[in-house]
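Colleague: Got a structure for you, written out below as structure tokens; questions coming shortly.
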Amino acid sequence: MIPLSYYLLLSGILFVCGVLGFLIKRNIITIFMSIELMLNGVNLSFVAFAAQWHALSGQVFVFFVMVVAAAEAAVGLAIIIAVYRTRETLNVDRVNLLKL
Amino acid sequence: MTPNPYLWLVPLLPLAGAAINGFFGRRSSKKAISTVALVFCGAAFAVALLIAWDFSSASAPYYFDLAHWLRSGSFQADFSFYLDQLSLVMLLVVTGVGFLIHIYSVGYMWDDDGYYRFMSYMNLFMFFMLTLVLAKNYLFMFIGWEGVGLASYLLIGYWFTKDSAAAAGKKAFIVNRIGDFGFLIALFLMIKHFGSLDFTRVFAAVQPLSPETAGSGLLTAIGLLLMVGAAGKSAQIPLYVWLPDAMEGPTPVSALIHAATMVTAGVYMVARSSVIFERAPMAMMVVAIIGTLTALFAATIGIAQTDIKKVLAYSTISQLGYMFMACGVGAFSAGIFHLMTHAFFKGLLFLAAGSVIHGIGGEQDMRKMGGLRTYMPWTFATMGIATLAIAGIPPFAGFWSKDEILWKAFGASWVYWLIGVITAFITSFYMFRLMYMTFGGDYRGAVVQQAHGHEVYGHGQGTGHGEPHESPGVMLGPLVILAVLSVVGGFVGYGNQFEHFLAPVFQGASAVAQETSREAGDSTLEYLLMAVSVSVAVLGWLLAHLLYSRRPELPKRIAASLDGLYQAVVNKYYIDELYAVLFVKPVIDGSTTILWHDIDQGVIDAAVNDSADAARHVSDNVRHMQSGNLRSYAGWIAAGGAVVIAYMVWMGVR
């Protein structure tokens, strides 16, 4: 059996990758994908603990997160499309005004 | 105690007059204003006369409860009026002399722009003064006490566009506050120890106490504090400085408030509290000493004044000193007697001086008068009578009351008597000096003169005044009536009638009073002393005649030979300057540097301004966080998350 620490390490690496991508990347789509990466990093740690301790609640929680992430993706992509239509760019540094 | 349902009318009638004139006077004709002011004041006098007619010593004192006021636990102070022999005398003096002066004011102030304002204030003053006199408890009396102070302030500063008048009003008000402070503390002591401010209840509580021999204790403290209040209101050392300045007000005001009535309120209050004072010999002694010193001190200043009203002002202070001397030696009825006669002749002196000032176009400097006897014979005659009265020449009113005081003072100590006689000599001298300078010799003013800066607001301004002229009948009438009173007013004291009349009020006979009444049996001594005081009065007259009529060049030479002393007297012993250095300047400097600059600007303003500055400074820096840049927001979130995680890890390690 693979020890728990391996899963947690992978989970941490995924999360840090997400954070760094979120901070460094300028493209909104990439940033959005980084957010998904962070979410899934966390999900991984949830299921790892659930498997380790034989507790179902961790896995149930992951389903909730995935549902919310899906909803978020729907709204987020819609926003991104709206932003692109008005600004004709996906560079977040150009999107620094709340008003149009 | 008998109820008397008319008592409340006396003070409230002038209040109604004041209200009507104050609210509607601006749009009324001067005739209507005069009618309102005189009718309401005269009605008060008429009611007072009716009350006096019904007055019987058997059923006195009378009282009337108008309304509830303060009720807290067992303590209560109501709007209640109280009338005994003492307040009856005051009532008649205030309404009578007040009414005469109201009549006079109609003539004197007729041409003034603020006529309605003046009349309204005068009526207001009458209301407060009558409240003071008729109150049944100290707190209600204090309302009147403060109210007359207010009216005095308003009327001194009546010509408020003139800086000196406005300043004099403020000075009077502030100096009086110092006295009122003492009065208030005395009231607090009474509440604490007697649980009441009602005259009858306080005196009933004091009556069984024995005199405080050690010169310390509750009654002495109350007595001294009451004297502080009286010294403020009645212009005694050390709080007399406001009264000479108060002459900035119109002359009828000087006559009514600063000679006849308000300034005697202190004497009235001390006499009213006689039960307390008689059980505090130390306080009595202080009253007597202050009165005696003030009498002499003010009289000496009066010698060298050249402003006709200032002479009379110092004379008033000096005469008030006599009254306090009388109260201090336990001769309260003599003090009240002198209060009454003084109201007649000093009111008359001021009104006559006003007539002179009116007649020569606002000039107050006696050096520019002279020879007015031919121009204004009535004024001369009446003022002459008043002068004889104040100098103590028999049989005029002042002789009776002053002699009574000196006789009682002699019973207490010959020192009081001696100073009193010296003061009587000086009084006689400066009053006849005033007469000779004003009415004797030749007219020294320019016949067609420019308006002078004193009392020109209203008449003769800038237009030259022409020859001196006699005043109109409306002004002469009161002069004549007061002159008659100055002649006959003293006879009420004949055979100690006045004293017997007041005796029930001052029943709590003290050791001091008994002593004097024992000596009063020695009539040879009494006549001897009387002869001495009359002869010094005549001497003063002769000296004034010599210096200011026969050899008018002499005073200058005497003044030159006594240069230092003369300068000190002319400058009123530099007391105003001394007070300025000792009290006024430290207060102003302290307020400016400590209170204003250090505390107000340095602490309060600084706290407000600095906190605003700090908020702006912080937000100036913090607002850069909100750049609108999405990635910098993300950075802040990440940094915040990192801090939270670091904190939790650190906490976990611990």
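Protein chains in written order, with the numbering used here: chain A, 1287 to 1386; chain B, 681 to 1334. Ideal placement from N, C-alpha and C gives every residue a C-beta, glycine not left out.
From which residue to which residue does the beta strand (DSSP E) around W749 of chain B run?
Modeller: Locating residue 749 of chain B in the second sequence gives position 69, where the first residue counts as 1. That run of the beta strand (DSSP E) goes Y742 to S752.
Colleague: If contact means a Cβ-Cβ distance below 8 angstroms, which residues of the segment 1298–1315 of chain B contact chain A?
Modeller: S1307, G1308, N1309, L1310, R1311, A1314 and G1315
Colleague: Looking at chain B, is there any beta carbon in it that lies within less than 9 angstroms of the beta carbon of F1308 of chain A?
Modeller: As a working mapping, residue 1308 of chain A is identified with position 22 in the first sequence. Answer yes: the Cβ-Cβ gap between F1308 of chain A and chain B drops below 9 angstroms somewhere.
Colleague: To the nearest angstrom, how far is it from the Cα of W1087 of chain B to the Cα of G897 of chain B?
Modeller: Sequence index remark: in the second sequence, residue 1087 of chain B carries index 407 (1-based). Sequence index remark: in the second sequence, residue 897 of chain B carries index 217 (1-based). Their backbone Cα atoms lie some 30 angstroms apart in a straight line.
Colleague: Taking 9 angstroms as the cut-off, decide whether the C-beta atoms of I983 of chain B and R1113 of chain B are in contact.
Modeller: Counted from its first residue, the second sequence places residue 983 of chain B at position 303. Counted from its first residue, the second sequence places residue 1113 of chain B at position 433. Cβ distance < 9 angstroms, so I983 of chain B and R1113 of chain B count as in contact.
Colleague: Need the endpoints of the alpha helix (DSSP H) that F1076 of chain B sits in, please.
Modeller: For the purposes of this step, residue 1076 of chain B is taken as residue 396 along the second sequence, with counting starting at 1. Per DSSP, F1076 of chain B belongs to no alpha helix (DSSP H) and is neither H nor E.
Colleague: Check G787 of chain B in the structure and name its three-state DSSP category.
Modeller: Position 107 of the second sequence, counting from 1, holds the residue named residue 787 of chain B. Three-state DSSP puts G787 of chain B in a helix.
Colleague: Can you tell me whether P1232 of chain B is helix, strand or coil according to DSSP?
Modeller: Numbered from its first residue, the second sequence carries residue 1232 of chain B at position 552. In the structure shown, P1232 of chain B sits in coil (DSSP, three-state: anything other than H, G, I, E or B).
Colleague: Kindly list, in the order they appear in chain B, the residues whose Cβ is closer than 7 angstroms to that of V1378 of chain A.
Modeller: As a working mapping, residue 1378 of chain A is identified with position 92 in the first sequence. In chain order: L1310 and R1311.
Colleague: May I ask you to list, following chain order, the residues of the segment 1319–1334 of chain B that have a beta carbon less than 8 angstroms from some beta carbon of chain A?
Modeller: So nothing in the stretch comes that close.
Colleague: Could you list the residues in the segment 1355–1383 of chain A with a C-beta less than 9 angstroms from some C-beta on chain B, going in chain order?
Modeller: Per Cβ criterion, the list reads V1378, D1379, V1381, N1382 and L1383.
Colleague: Where does Q765 of chain B land, buried or exposed, given buried means 16+ other C-beta within 10 angstroms?
Modeller: Locating residue 765 of chain B in the second sequence gives position 85, where the first residue counts as 1. It is buried - the Cβ of Q765 of chain B has at least 16 other Cβ atoms within 10 Å.
Colleague: Starting from V1305 of chain A, find everything on chain B with Cβ-Cβ shorter than 7 angstroms and list it in chain order.
Modeller: Translated into the one-based positions of the first sequence, residue 1305 of chain A becomes position 19. Contacts between V1305 of chain A and chain B, judged by CB atoms closer than 7 angstroms, involve A1318 in chain order.
Colleague: Give me the Cα-Cα distance between L1222 of chain B and R857 of chain B, rounded to the nearest whole angstrom.
Modeller: Taking the first residue of the second sequence as 1, we reach residue 1222 of chain B at position 542. Taking the first residue of the second sequence as 1, we reach residue 857 of chain B at position 177. Distance between the alpha carbons of L1222 of chain B and R857 of chain B: 42 angstroms.
Colleague: Are the segment 1051–1070 of chain B and the segment 1172–1179 of chain B touching, with three or more C-beta to C-beta distances below 8 angstroms?
Modeller: no
Colleague: Quick check: what's the CA-CA separation for V1250 of chain B versus L689 of chain B?
Modeller: As a first step, residue 1250 of chain B must be located in the second sequence, where it is residue number 570. As a first step, residue 689 of chain B must be located in the second sequence, where it is residue number 9. For the pair V1250 of chain B and L689 of chain B, the Cα-to-Cα distance works out to about 46 angstroms.
Colleague: What residue range is occupied by the uninterrupted beta strand (DSSP E) comprising Q756 of chain B?
Modeller: In the second sequence, counting from the first residue as 1, residue 756 of chain B sits at position 76. Where Q756 of chain B is concerned, the enclosing beta strand (DSSP E) stretches over F755 to L763.
Colleague: How about I1315 of chain A: is its C-beta nearer than 9 angstroms to some C-beta of chain B?
Modeller: Mapped onto the first sequence, residue 1315 of chain A falls at position 29. By this cut-off, I1315 of chain A is not an interface position.
Colleague: Helix, strand or coil: how does DSSP classify D987 of chain B here?
Modeller: As a position in the second sequence, residue 987 of chain B is number 307, starting the count at 1. DSSP places D987 of chain B in strand when its eight states are reduced to three.
Colleague: Can the beta-carbon of M1003 of chain B be found closer than 9 angstroms to that of G1027 of chain B?
Modeller: The residue you call residue 1003 of chain B lines up with position 323 of the second sequence. The residue you call residue 1027 of chain B lines up with position 347 of the second sequence. No. Outside cutoff.
Colleague: Whole angstroms are fine: how far does the CA of A1092 of chain B sit from the CA of R1198 of chain B?
Modeller: As a first step, residue 1198 of chain B is located in the second sequence; it is residue number 518 there, counting from the start. As a first step, residue 1092 of chain B is located in the second sequence; it is residue number 412 there, counting from the start. Low confidence applies to R1198 of chain B: its pLDDT is 49, below 50, so where it sits in the model is not reliable, and the reading given next is rough at best. Approximately 11 angstroms between the Cα atoms of the pair.
Colleague: Spatial neighbours of G1336 of chain B within its chain, please: C-beta separation below 8 angstroms, excluding the five flanking residues on both sides.
Modeller: Since the first residue shown for chain B is 681 and the last is 1334, residue 1336 of chain B is missing from the structure and cannot be characterised.
Colleague: Alpha carbon to alpha carbon, what distance is there between V1214 of chain B and A979 of chain B?
Modeller: Along the second sequence, one-based indexing puts residue 979 of chain B at 299. Along the second sequence, one-based indexing puts residue 1214 of chain B at 534. Cα-Cα distance, rounded: 17 angstroms.
Colleague: Measure the CB-CB distance between A1033 of chain B and W922 of chain B and report whether it falls below 9 angstroms.
Modeller: Counting from one through the second sequence, the residue named residue 1033 of chain B turns up at place 353. Counting from one through the second sequence, the residue named residue 922 of chain B turns up at place 242. W922 of chain B sits away from A1033 of chain B, with the two beta carbons spaced by 9 angstroms or more.
Colleague: Check whether the Cβ atoms of L889 of chain B and L877 of chain B lie closer than 9 angstroms to each other.
Modeller: One-based indexing of the second sequence puts residue 889 of chain B at position 209. One-based indexing of the second sequence puts residue 877 of chain B at position 197. In terms of Cβ geometry, L889 of chain B and L877 of chain B do not form a close pair [threshold 9 angstroms].
Colleague: If contacts are defined as beta-carbon pairs under 8 angstroms, then V943 of chain B and T996 of chain B qualify, I think. What distance do you get, rounded to the angstrom?
Modeller: The count along the second sequence starts at 1 and reaches residue 943 of chain B at position 263. The count along the second sequence starts at 1 and reaches residue 996 of chain B at position 316. The C-beta separation of V943 of chain B from T996 of chain B comes to about 6 angstroms, placing the pair in contact by the 8 angstroms criterion.
Colleague: Between which residues of its own chain and C1420 of chain A is the CB-CB distance below 7 angstroms, once the five residues before and five after are set aside?
Modeller: It is not possible to answer for residue 1420 of chain A, since the shown part of chain A is limited to 1287 through 1386.
Colleague: Assuming G1220 of chain B and S1108 of chain B are in contact, meaning their beta carbons sit under 8 angstroms apart, how far apart are those beta carbons, in whole angstroms?
Modeller: Within the second sequence, the letter at position 540 stands for residue 1220 of chain B. Within the second sequence, the letter at position 428 stands for residue 1108 of chain B. Indeed they touch by this definition, with Cβ atoms about 3 angstroms apart.
Colleague: What is the rounded straight-line gap between the Cα of I1325 of chain B and the Cα of A1360 of chain A?
Modeller: On the second sequence, position 645 is the one that residue 1325 of chain B refers to. On the first sequence, position 74 is the one that residue 1360 of chain A refers to. So the alpha carbons of these two residues sit roughly 30 angstroms apart.
Colleague: If distances are taken between C-alpha atoms only, which option among B:Y801, B:L768 and B:H782 comes closest to L814 of chain B?
Modeller: The residue labelled residue 814 of chain B in the question sits at position 134 within the second sequence. It is B:L768.
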